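Here is the structure we will look at.
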């Protein structure tokens with residue numbers, strides 16, 4: 015299990031103090047807030063490197079997760095996502111973003127559609143992960159699951175959470191069923207058998223299996239490592 019800690023922005027009173035404390039403590043990932051440009055990421059990377067050198071940590075061992083929380087940040091998502099080898103992902107922070115849009119959060123989240131798609135596209139193009147914003151009403155389980163189902167369908171890897179009660183709900187939503195796992199194993203086995211035979215064609219039960227289906231099967235098996243959802 016990885017430890018992710020949010021620090022204050024570098025240009026704030028406590029930013030460098032936060033960063034120094036968490037890097038020296040051995041945190042796995044630093045979540046940087048209010049990321050608006052690639053330079054923000056570069057600056058954070060540089061400061062982390064200096065702290066790693068000073069405390070004897072392996073250079074590059076501290077990873078980063080950049081939270082994008084403004085219209086400017088959304089317009090710069092592609093540049094942000096490729097600004098550092100430390101970045102494991104980018105995340106949407108919706109509250110400040112929506113305020114800057116001069117609107118408010120709605121039940122269906124239509125005001126976040128462009129931002130979510132921008133985050134997701136930038137992350138996928140950069141080969142890193144994409145995380146959705148928090149759902150702030152911890153007492154509305156139905157609303158949380160509705161929003162989480164939406165972002166899963168869009169393709170997000172996960173979602174920031176504001177309450178421990180939401181953890182199991184999200185894990186269960188993203189976890190595959192045993193039926194999903196068994197089908198994924200059959201697909202992978204068929205692909206491996208075709209490779210052993212030197213065949214460029216993969217089929218299962220008379221149906222052609224192409225590369226995207228094989229990739230999805232691998233994703234199912236990867237997610238299954240965290241648990242299986244009961245049907």
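In the working numbering, the protein residues as written are 15 to 245. No residue lacks a Cβ here, since even glycine has one placed at the ideal position from N, Cα and C. Remember, it's a predicted structure, so these values are computed and weren't measured experimentally.
Give the straight-line distance between the Cα atoms of residue i and residue j, rounded to the nearest whole angstrom.
i	j	result
residue 50	residue 209	45 Å
residue 143	residue 163	17 Å
residue 61	residue 183	36 Å
residue 205	residue 192	20 Å
residue 160	residue 149	10 Å
residue 126	residue 108	7 Å
residue 151	residue 212	54 Å
residue 36	residue 100	15 Å
residue 229	residue 237	12 Å
residue 207	residue 129	42 Å
residue 181	residue 241	13 Å
residue 90	residue 53	11 Å
residue 16	residue 239	15 Å
residue 135	residue 175	22 Å
residue 218	residue 203	9 Å
residue 190	residue 27	44 Å
Based on the DSSP output, what are the partners of residue i in its beta bridges?
i	result
residue 93	For residue 93, which the question treats as bridged, DSSP gives no partner whatsoever.
residue 143	103
residue 172	145
residue 217	222
residue 243	191
residue 18	43
Relative to the C-alpha of residue i, which residue among the options is closest?
i	options	result
residue 235	201, 212, 76	201
residue 117	84, 136, 98	84
residue 88	112, 69, 68	112
residue 194	158, 153, 243	243
residue 153	38, 23, 177, 139	177
Given a cut-off of 7 Å on the beta-carbon distance, is the pair residue i and residue j in contact?
i	j	result
residue 124	residue 106	no
residue 198	residue 225	no
residue 56	residue 80	no
residue 169	residue 145	no
residue 34	residue 65	yes
residue 246	residue 95	The requested residue 246 is not part of the displayed model; the chain covers only 15 to 245.
residue 42	residue 98	no
residue 45	residue 20	yes
Counting only C-beta atoms, is residue i closer than 7 Å to chain B at any point?
i	result
residue 157	The structure shown has no chain B; it contains just one protein chain.
Length at least 3, wholly inside the segment 40 to 97: the beta strand (DSSP E) runs in chain order: Whole beta strand (DSSP E) segments, 3+ residues: 43 to 46, 77 to 82.
Complete alpha helix (DSSP H) runs within the segment 104 to 128 (minimum length 4 residues, chain order): Along the length of the segment 104 to 128, whole alpha helix (DSSP H) runs at least 4 residues long occupy 108 to 114, reported in chain order.
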